[in-house]
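S.K.: Questions regarding the structure given below will be posed in turn.
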Amino acid sequence: MGMFLMEATQLQIFTAISAVAAIALLAILVVLRGTLQKLNELNEKHEETLRRAQAAPATAPATAPASARQTATAAPAPLAAPAAAAQGITGEILAVIAAAAYTLYDVPASAIQSVTLAEPAPLAVAAAPAPAPRTRSAWATAGLLENTRPF
Numbered sequence: 001m002g003m004f005l006m007e008a009t010q011l012q013i014f015t016a017i018s019a020v021a022a023i024a025l026l027a028i029l030v031v032l033r034g035t036l037q038k039l040n041e042l043n044e045k046h047e048e049t050l051r052r053a054q055a056a057p058a059t060a061p062a063t064a065p066a067s068a069r070q071t072a073t074a075a076p077a078p079l080a081a082p083a084a085a086a087q088g089i090t091g092e093i094l095a096v097i098a099a100a101a102y103t104l105y106d107v108p109a110s111a112i113q114s115v116t117l118a119e120p121a122p123l124a125v126a127a128a129p130a131p132a133p134r135t136r137s138a139w140a141t142a143g144l145l146e147n148t149r150p151f
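Under full-length UniProt numbering, the letters of the sequence shown match residues 1 to 151, in that order.
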């Protein structure tokens with residue numbers, strides 16, 4: 001009978017260890033579930049892409065290569081370039097914006113319709129003379145840069 005009895009401290013330690021183990025097990029299960037959902041979504045996207053790729057050759061002419069068909073459908077609106085060029089946006093900037101939109105939204109037939117510069121926000125503070133710049137030591141500047149850098 002005394003074999004299965006524990007002292008109070010042993011029971012508390014056992015309870016604490018059991019609780020921590022249960023929480024760790026639940027955390028692992030949550031992470032696994034999230035990972036499985038992401039893998040399932042990626043698999044569905046991949047299958048959808050394969051279905052589109054298999055359906056595309058049946059509707060397109062047989063003589064055009066796949067890369068030519070994709071480029072022909074990917075850029076239907078070249079009208080945005082003159083408007084953007086009038087605002088001073090170069091072709092490189094447009095290419096970067098198009099690549100970012102393609103990467104972010106994962107739409108294979110995306111095209112940018114227009115790009116405009118945002119108007120600068122009006123100053124809320126009345127124009128006052130700027131204070132004279134203070135100089136910092138190299139150590140102060142290094143500390144400021146280290147403590148204010150982005151994560």
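Every residue gets a Cβ at the ideal spot worked out from N, C-alpha and C, and that includes glycine.
Computed from a predicted model, the values in this text were never measured in an experiment.
(1) What three-state label does DSSP hand Arg-134 in the structure shown?
(2) In this structure, how does DSSP classify Thr-116 when only helix, strand and coil are distinguished?
(3) Looking at the secondary structure, which residues open and close the alpha helix (DSSP H) in which Thr-103 lies?
(4) Please state whether DSSP places Gly-88 in a helix, a strand or coil.
(5) Residues in its own chain within less than 8 Å of Met-6 by CB, not counting five upstream and five downstream?
(6) When the Cα atoms are used, what is the spatial distance from Ala-16 to Asn-40?
(7) In whole angstroms, what is the alpha-carbon distance linking Leu-29 and Arg-149?
M.R.: The relevant details are as follows:
(1) coil
(2) coil
(3) 91-105
(4) coil
(5) Phe-14
(6) 36 Å
(7) 35 Å
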